[in-house]
Structures are given as C-alpha cells and as structure tokens.
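Visitor: One structure is given below, represented as structure tokens, and several questions about it will come after.
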Amino acid sequence: MFTIPRTRLFTRITSISVAPRQWSGVNIEPRIPKYNRPLCTSSMATESRHDAFSNPEVQKMLLDLHKLMIQDLINAETKTSPVCNFKQPEDLMKTLDLNIGNDPTTYDAILTACKSVMDHCVKTASPRFMNQLYSGINPSCLAGSWLTEILNTNLHTYEVAPVFVLMEKYMMKKLTSLLGFENGDGVTTPGGSFANMLGMHLARLQVDPNIKSNGMGSSRKLVLFTSTEAHYSIVKGASFLGFGEKNIIKVETDERGMMKADVLDQKLKMCKDEGNVPAFVMATTGSTVLGSCDDLNAIADVCEKHKIWMHVDAAWGGGVILSEKHKHLMNGVHRADSVAWNIHKMSTGLIQCSLFLVKKKGQLEECNRFNAEYLFQPDKHYDVSYDIGDKTIQCGRKVDIFKLWLMWRSRGDTGMAKQVENSFENAKHLLDGLKRREGFRVVLPEFQCPNICFWYIPKRLRGKEENKEWWGEISKIAPQIKRKMMEQGTMMIGYNPLTTKGYVNFFRVIITNPMATKEDMDFILDEMDRLGSDL
1 MFTIPRTRLF TRITSISVAP RQWSGVNIEP RIPKYNRPLC TSSMATESRH
51 DAFSNPEVQK MLLDLHKLMI QDLINAETKT SPVCNFKQPE DLMKTLDLNI
101 GNDPTTYDAI LTACKSVMDH CVKTASPRFM NQLYSGINPS CLAGSWLTEI
151 LNTNLHTYEV APVFVLMEKY MMKKLTSLLG FENGDGVTTP GGSFANMLGM
201 HLARLQVDPN IKSNGMGSSR KLVLFTSTEA HYSIVKGASF LGFGEKNIIK
251 VETDERGMMK ADVLDQKLKM CKDEGNVPAF VMATTGSTVL GSCDDLNAIA
301 DVCEKHKIWM HVDAAWGGGV ILSEKHKHLM NGVHRADSVA WNIHKMSTGL
351 IQCSLFLVKK KGQLEECNRF NAEYLFQPDK HYDVSYDIGD KTIQCGRKVD
401 IFKLWLMWRS RGDTGMAKQV ENSFENAKHL LDGLKRREGF RVVLPEFQCP
451 NICFWYIPKR LRGKEENKEW WGEISKIAPQ IKRKMMEQGT MMIGYNPLTT
501 KGYVNFFRVI ITNPMATKED MDFILDEMDR LGSDL
C-alpha cells in the first residue's frame, strides 16, 4: 500500500544559485520577473478567467515563487542569511505594504509581496533557530504539505478524501502500536493544546456519560490534576470546557521537574474526602521549559488505584518512543488512556503535525459523534466506517496526515529514530561545553529531553557574592543578549524565568533541527561570550 513511483517528486529546478550570499548589511535580491497584466479585469465575464491555472502567467508566477522559496530555504539551511531581520512593530509596519485596494493588482505585485514576507520572517529552517520546540524543514514533509494545499480537501468522509482516510487509518495503527495500545486509535489535531483538551473532553465522559447531553452542571465538581511544570493548555482547557480554572490541582515536582507521584496520591485522596470527583491526570513527557519526563509507571500506579483517566502530554517528548536509546523516558506509556504527541517538534514535521491517540478504539466516536445528516448518510455506496469525521469535535479538518506519512516514508523507522538521537547527541555536546566553560552555569546538571538551560554570567559578575542583588543583575542579562542576537540576526534562543523553582531569567536552547551540528553548539557559546561578556 502507498507506493511512491520511482520518479522525481519535483521537476528539475534551474537557475537557482546555491553559492553563499553575504548578508552583512547588504541584501542581494534575486531579479523578480515583471507581469504587466492585472490579475483580473472588468470584462472577466466575456474573457477566459485570468486567474485560471491554465493561464501561462499564473504558471510562471507560481514557478518563479517556487524558485524564490527554495532559495530562501537554501540560504537558511546553509546559514548564509540571518536567522531574523528584526524590526520593531512600528518600523516593520512602515516597511510592509499591507494595503488592499479596490482594483486588482498584477502578478508582479503578488510576487513582490511574497518576497517581502520571506525577507521579514524568521528563518525557522536555520540550524541556529533554537527559540522554540520546532526547527528545521524536512523536504519530503514539505512536498506533502504542498500537495495537501493543492488538493485542498477535508478529512471527514471517504468520498472527499479516500486516500487520506486510508492513510490516517494506517498511520494511527502504526502510531498506537508504538505506544503499546493494542486496540488504539487516534486523529490528527490542530496542535498539542487541542490534543490535551481532547483528553480532558474524553475523560469527563468516562466519569459521567450524561455530561454529553445534560452538561457539566449535572455532575459533582470535576477536578483536574497535573504538575507545576505542565503546559498551560490544561488551564485554558479547563476554562474552555467548563471545568473552571480553580478546579485544577497542581502537584509539586522534584529537582528535575518530575511530578511527585506520592504527592499526587495524597491530593487525589483529599479531593475525594472533600466530596469532589477526580476526573483527569495529565502527566508530561518533555516539559516545555526543562524538558522533564514524569515517571509514567509511578503516575499510572496512582491513577489505577483511584480509577482516574491518565493522559500523557508528550507533545514535545513523544519522539523518544522512536529511539531504542531513549524510549525508556516513556516507560509505562502503555498504561495511559490517551497521549498528545506533536510530530512537528522533536521529529521536525511541518507545523502543524499533531496527534491525539487513545488506548481504546471507539472512544473518540462515543464522545464526539453527532451523525450530521448532510455528511454521514448510512446508506452510502461504500463502507461508512471509513467516514471518520465524528472522531473529533471538528467538522473541517486539514489533511496533516499526508506530510507525516511522506516524511516517515522518506526516512523509514531508522531515520525517524536517528533524527531524535542526533538531537540528543548535540544536546550532550552543548551541555558538556557549558560545564567546562567560564561564564556559564547550567540549570540542570543532566537533561531528559534536549532542552539545555543555563545562565550566562558576564565578566563583572563572576566571582562575586551570589546574593539577592547578584541574582537580580543576572536576571537582566538574558533579555539584553536576546535583543542583541535578534538585532544582529546571528541566532535565536529563548529565555524565561521559572517561578515554580525560584529561578530568574535563564536561556533555554531547544535542539531539534536536523541540520544542526556540534559546530553549531560551539557557536552558541562563542556568540554568548561575544554578545554578553562586557554587559
């Protein structure tokens, strides 16, 4: 099933120079061809459509744009363009031409607009973009994304998306089997936050099946549990779904950021003693800041004891399950009821490429089925079990599964594992360098997921008494370095405080870009010194 013909996915791209382009203060602009005719005219009713794909000018514009996009990716990947071309909002607004007039414009203007957008957007394909939990672009995934846009269909019924329905069924079986869900199922979702909310949505139905018809007021107060390091989507979800933000109980974590299972047990017991109903526990594999991975077996022991739904937010860390070297970080995941996993993070799929996976087939339909008559007619001429739209609360659902399948097909299981392992190897190299080098202090001496966190200490603060005032000065360093690196476009790394641990601003390097090397890790240290030693 799903065989790619042995032909090239793309026609040969010509006239693209891959020679490094210097960007120190000089923009070398590729020549943009001119289009003299407007996109449409007032006589369209009597002429053939000017915006038809059969129009040679449309074809030329799209092919020229394709060349510009590929060149932009080459420049980002080879680090010959800045990671960002930062401008303050008011200055950027003056630079951009966002005006939409009454009259049609030309394809020349459309191409110019696209080039302007590329010039002023952050180059997330660059190996030196380490600001977020995503970085890098896989060519096959990009091909899947392009084709998905061209086909422009909706993943709800077999009649409009036959190939993609079969593909999603195939991939969900493969993915759930990786987690140890023998009879599992799942769907692609618009992000990890949405996937976490789906877990909350399913959990409450298991507590009280009447909630679907009678609403939240028909049951005793339902309470949600998670760690202090968990993603904030549980708070938004509690508000959105009607649990209420006050009905979230946060559980303390240890020095590594892992939820304390014994404290969870105590808090669940207290919740019951107060006459409330524990409904949902969210464990984490790969916390957003520290990259912490909860002990899933320990959490599962507690959840089974209290007969409560266990969900694992593996949006960041889920990729470790693909690697024999690192899958131990998810030991016990087979005991969970549901899992969120963002392929666009550690596995470098394109945004968005997110999954919600459940242990038991049929739970998604039980919770979300509505049987809309205009979509899900029972007397269709094919097996209507292939109409999968009622697995989620969405009606329209983008075909994200194709880019995931195509990327996985291009890499194979071995390549998917190697992507994860390369990130961990680079992370270790960076951590070792931080420990050896003067002026750097790591937040955690070891890491679980490839989040490497550290403080930079400029020369004037080295060897001084580390009192409250000293830490106050340290908290000001990261914002200053971040401003300088963005203004110069050399790299992008995020920073943040962590109030749950009492930590002032520190840098958080996220290592996932498949093109990143150990030399890029060394560059981080050198660039920090260059930008910050005299602050």
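For the sequence shown, the working numbering gives the first residue as 1, with consecutive numbering after it.
C-beta: ideal position from N, C-alpha, C; glycine also.
With the cut-off set at 8 Å, would you say residue 327 and residue 148 are in Cβ contact?
Guide: Taking 8 Å as the Cβ cut-off, residue 327 and residue 148 do not qualify as a contacting pair.
Visitor: Cα separation between residue 346 and residue 509?
Guide: Using only the alpha carbons, I get a separation of about 13 Å.
Visitor: Measuring only the C-alpha atoms, how far is residue 68 from residue 137?
Guide: Their Cα atoms are separated by approximately 16 Å.
Visitor: At the level of alpha carbons, what is the spacing between residue 468 and residue 497?
Guide: Residue 468 and residue 497: Cα-Cα distance of roughly 15 Å.
Visitor: For a test of the three-state rule: what should DSSP assign to residue 506, helix, strand or coil?
Guide: Correct three-state label for residue 506: strand.
Visitor: By how many angstroms is the C-alpha of residue 157 removed from the C-alpha of residue 438?
Guide: Roughly 59 Å separates the two Cα atoms.
Visitor: How long is the line joining the alpha carbons of residue 544 and residue 278, rounded to whole angstroms?
Guide: The requested residue 544 does not occur in the structure, where the chain is confined to residues 1 to 535.
Visitor: List the whole-angstrom C-beta distance separating residue 338 from residue 358, where the pair is believed to meet the contact cut-off of C-beta under 8 Å.
Guide: Contact flag correct, Cβ pair sits at about 5 Å.
Visitor: State the start and end residues of the unbroken alpha helix (DSSP H) segment that holds residue 538.
Guide: A question about residue 538 goes unanswered here, because the residues of the chain that appear run from 1 up to 535.
Visitor: When you compare the CB positions of residue 312 and residue 296, do they come within less than 8 Å of one another, or not?
Guide: Yes. Within cutoff.
Visitor: Of all the alpha helix (DSSP H) runs that stay within the bounds of the segment 160-188, which reach a length of 4 or more residues?
Guide: You should have 162-179.
Visitor: Exposed or buried, what is residue 267 when buried is set at 16 or more other beta-carbons lying within 10 Å of its beta-carbon?
Guide: It is buried - the Cβ of residue 267 has at least 16 other Cβ atoms within 10 Å.
Visitor: Starting from residue 67, trace the alpha helix (DSSP H) both ways and give me its first and last residue.
Guide: Taken as a continuous stretch (DSSP letters only), the alpha helix (DSSP H) holding residue 67 covers 56-77.
Visitor: Helix, strand or coil: how does DSSP classify residue 533 here?
Guide: Coil at residue 533, not helix or strand.
Visitor: Would you mind sorting residue 107 into buried or exposed? The rule is 16 or more other CB atoms within 10 Å of its CB.
Guide: Buried: at least 16 other Cβ atoms inside 10 Å.
Visitor: Measuring only the C-alpha atoms, how far is residue 530 from residue 343?
Guide: Answer to the nearest angstrom: the Cα atoms are 35 Å apart.
Visitor: Within 10 angstroms of its Cβ, does residue 234 collect 16 or more other Cβ (buried), or is it exposed?
Guide: With 16 or more Cβ atoms within 10 Å of its Cβ, residue 234 is classed as buried.
Visitor: Which of the three DSSP states is assigned to residue 453 in this structure?
Guide: Of the three classes helix, strand and coil, the one that applies to residue 453 here is strand, per DSSP.
Visitor: Identify every run of the alpha helix (DSSP H) within the segment 312-396, keeping only runs that are complete inside it and at least 4 residues long; order them along the chain.
Guide: Runs found: 363-368.
Visitor: Could you give the C-beta distance for residue 511 and residue 423, rounded to a whole number, given that I count them as a contact under 8 Å?
Guide: Between residue 423 and residue 511 the Cβ distance is about 5 Å, and since that is below 8 Å, they are a contact.
Visitor: Taking the alpha carbon of residue 201 as the point to measure from, which residue in 124, 261, 281 has its own alpha carbon closest?
Guide: The shortest C-alpha separation from residue 201 is found at 281.
Visitor: Please name the residue or residues paired with residue 442 in a DSSP beta bridge.
Guide: Answer is 454, bridged to residue 442.
Visitor: With H, G and I counted as helix, E and B as strand and the rest as coil, what does DSSP make of residue 250?
Guide: The answer is strand: DSSP assigns residue 250 an E or B state.
Visitor: Between the alpha carbons of residue 257 and residue 303, how many angstroms are there, rounded?
Guide: About 20 Å.
Visitor: Go through its chain and collect everything with a Cβ distance to residue 261's Cβ below 6 Å, but skip five positions before and after it.
Guide: 298, 299, 302, listed in sequence order.
Visitor: Exposed or buried, which one is residue 382 when buried takes at least 16 other CB atoms within 10 Å?
Guide: It is exposed - the Cβ of residue 382 has fewer than 16 other Cβ atoms within 10 Å.
Visitor: Taking only the alpha-carbon atoms, compute the straight-line gap between residue 24 and residue 253 and give it to the nearest angstrom.
Guide: With a pLDDT of 40 at residue 24, under the threshold of 50, the modelled position of this residue cannot be trusted; read the value that follows with caution. Roughly 46 Å between the two C-alpha positions.
Visitor: Is residue 348 near residue 83, with beta carbons less than 8 Å apart?
Guide: For residue 348 and residue 83, no; Cβs fall outside 8 Å.
Visitor: Expressed to the nearest angstrom, what Euclidean distance is found between the alpha-carbon atoms of residue 475 and residue 505?
Guide: For residue 475 and residue 505, the distance between alpha carbons rounds to 5 Å.
Visitor: Cβ of residue 92 within 8 Å of Cβ of residue 120?
Guide: Cβ distance < 8 Å, so residue 92 and residue 120 count as in contact.
Visitor: Where does residue 210 fall in DSSP's three states?
Guide: If DSSP states are grouped into helix, strand and coil, residue 210 belongs with coil.
Visitor: Using DSSP with H/G/I as helix, E/B as strand and the rest coil, what is residue 114?
Guide: The answer is helix: DSSP assigns residue 114 an H, G or I state.
Visitor: Where does residue 310 land, buried or exposed, given buried means 16+ other C-beta within 10 angstroms?
Guide: Looking at its Cβ environment, which holds 16 or more other Cβ atoms inside 10 Å, residue 310 is buried.
Visitor: So, are the CB atoms of residue 427 and residue 450 less than 8 Å apart?
Guide: Yes, these two residues count as a Cβ contact at 8 Å.
Visitor: For residue 214, I'd like the list of residues in its chain whose CB is within less than 6 Å of its CB, leaving aside the five on either flank, ordered along the chain.
Guide: Excluding positions up to five away in sequence, the list is empty.
Visitor: If we count Cβ pairs, one from each stretch, closer than 8 Å, do we get three or more for the segment 391-407 versus the segment 150-164?
Guide: With a cut-off of 8 Å, the segment 150-164 and the segment 391-407 count as touching, because enough Cβ pairs lie within range.
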